[in-house]
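These protein sequence lines map, in sequence, to chains A and B.
Adding 17 to a residue's 1-based position in the first sequence gives its number in this note's numbering.
Adding 17 to a residue's 1-based position in the second sequence gives its number in this note's numbering.
For glycine and all other residues, C-beta sits at the position ideal for the given N, C-alpha and C.
On a predicted model such as this, the values are computed, not experimentally measured, just so you know.
Number of protein chains: 2
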Amino acid sequence: MLLGEYYHSLDTKGRLNLPSKFRGDFGETVIITKSSGEKKCLWVFSLSEWEAFTDKIKQLKISYSSDIVRYFLTGANEATIDKQGRIMIPQNLRDFAGLDKEVVVAGVLTKAEIWNKEKYVAATSELTGEKIEEAMRQLEL
Amino acid sequence: MLLGEYYHSLDTKGRLNLPSKFRGDFGETVIITKSSGEKKCLWVFSLSEWEAFTDKIKQLKISYSSDIVRYFLTGANEATIDKQGRIMIPQNLRDFAGLDKEVVVAGVLTKAEIWNKEKYVAATSELTGEKIEEAMRQLEL
DNA sequence: ATCTTAACCCACTTTGTCCCACTTTTCATA
DNA sequence: TATGAAAAGTGGGACAAAGTGGGTTAAGAT
């Protein structure tokens, strides 16, 4: 179970240290891919979660499903974790997510997300306390 | 069942002693998360209560529900209780709740709340006797 | 052949974990 | 009610791990 947000830094070689708490969930290899949606970030899957993800995508019953499959597969990249616990993030993916030095690694249960720090802060601050409370009321919590 | 308010202190390493009366309800590990709402504090769940909480969140039927899910998941952090009964509160969560040395740990049935002491005192003193009585009348108690 | 890029290795700083110790409070028993 | 023992709350040192930076070599491209 991937949880929490971690403020890490990309070094000049494009390497990123994954949070130590994620090491158990990821094995030696992970899959990095482009996120869907407006807010562009990177998704990081363990091999088993990646399989579960691609299985789901393949079951899509819409006409442009092959485009969707292509989007995620061509954007995907296998990365091995080095002795320091880091992965290399290819240039094209760094460009996609607009990553520079300061990044946030966020755990979202089955996958991790890698964000440009400014983007992350902006995205999270959009979610006002009011909206959260509205959701909580709906849940009767 | 978590009850009562306890005035404890965060040490220089960011450790907090949980009230001994809560030890039974929490096991060896707890989940700390950001609260919802304007008054920012931290929530502490036992693992079983956390699962019940995430199950409910996933049932949300609002457009920005995935943002809400992400808010609570990325705001969450697993913490193990050390031999002295303390947990480490990560820097980002301490910042969120504005915690410094003096904190209040409050029991709220299924979860505990961790407050900056000044904030806690201010929040509780806002709640006048009149407001409480109005609520009681509504409940027909 | 040369230049760029990725993999590997080593080193440093900061942070977290573990352990022990001290003080205060609580509680049972004399 | 006095008193000793146990538990609760707090502090800090030592060590291990996490996070970061950089140099060197091997592989691939131009």
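Do valine 122 of chain B and histidine 25 of chain B have their C-beta atoms within less than 9 Å of each other?
yes
Evaluate the contact criterion for the region 70-83 of chain A versus the region 134-149 of chain A: three or more CB pairs, one atom per stretch, below 8 Å.
no
With leucine 59 of chain A and alanine 114 of chain A assumed to form a contact (beta carbons below 8 Å), what rounded beta-carbon distance in angstroms separates them?
5 Å
How about glutamine 155 of chain A: is its C-beta nearer than 9 Å to some C-beta of chain B?
yes
If you compare alpha carbons, which of A:Glu157, A:Gln155, A:Glu143, A:Leu27 is closest to arginine 87 of chain B?
A:Glu143
In the DSSP output, what is valine 122 of chain B paired with across the bridge?
B:Tyr23, B:Ile131
Would glutamate 130 of chain A and serine 52 of chain A qualify as a contact pair, given that the criterion is a beta-carbon distance under 9 Å?
yes
On the premise that isoleucine 85 of chain B lies in contact with alanine 152 of chain A, defined as a C-beta separation below 8 Å, what is that separation, rounded to the nearest angstrom?
5 Å
Start and end residues, alpha helix (DSSP H) containing arginine 87 of chain A:
82-92
Using a cut-off of 9 Å between C-beta atoms, extract the partners of alanine 123 of chain A located in chain B.
Arg87, Leu90, Thr91
Look at the Cβ atom of threonine 50 of chain B, then the Cβ atom of asparagine 109 of chain B, and state whether they are nearer than 9 Å.
no
Could you tell me whether the Cβ atoms of isoleucine 98 of chain A and glutamate 55 of chain A are closer together than 9 Å?
no
Within 9 Å (strictly less), CB to CB, does glutamate 151 of chain B reach chain A?
no
State the DSSP-derived secondary structure class of lysine 75 of chain A, mapped to helix, strand or coil.
helix
For serine 142 of chain B, which three-state DSSP category applies?
helix
Please check if any C-beta of chain B sits within less than 9 Å of the C-beta of threonine 141 of chain A.
yes
Cβ-based neighbour list, arginine 111 of chain B, same chain, cut-off 7 Å, excluding 5 preceding and 5 following
Gly31
Got a sec, what are the start and stop residues for the alpha helix (DSSP H) arginine 111 of chain B sits in?
108-114
Below-9 Å beta-carbon distance, isoleucine 81 of chain B vs any chain A residue
Rather than isoleucine, the amino acid found at residue 81 of chain B in this sequence is tyrosine. Yes, tyrosine 81 of chain B lies at the interface with chain A (some Cβ there is under 9 Å from its Cβ).
Identify which residue in B:Gln155, B:Thr145, B:Ile149, B:Val120 has its Cα closest to the Cα of glutamate 22 of chain B.
B:Val120
Alpha-carbon to alpha-carbon, lysine 75 of chain A and isoleucine 48 of chain B:
35 Å
What's the call for leucine 33 of chain B, buried or exposed, on a 16-neighbour Cβ count within 10 Å?
buried
Where does aspartate 42 of chain B land, buried or exposed, given buried means 16+ other C-beta within 10 angstroms?
buried
Within its chain, find whatever has a CB closer than 7 Å to the CB of tryptophan 67 of chain B; leave out the 5 residues flanking it on each side and keep chain order.
Ile48
Less than 9 Å between the C-beta atoms of leucine 19 of chain B and lysine 128 of chain B, yes or no?
yes
Determine the closest residue to threonine 29 of chain A out of A:Pro107, A:Glu157, A:Val138, A:Ala139, with distance taken between C-alpha atoms.
A:Pro107
Which partner residues does isoleucine 98 of chain A have in the DSSP bridge list?
DSSP output for isoleucine 98 of chain A lists no bridge partner at all.
Under three-state DSSP, which class holds lysine 38 of chain B?
helix
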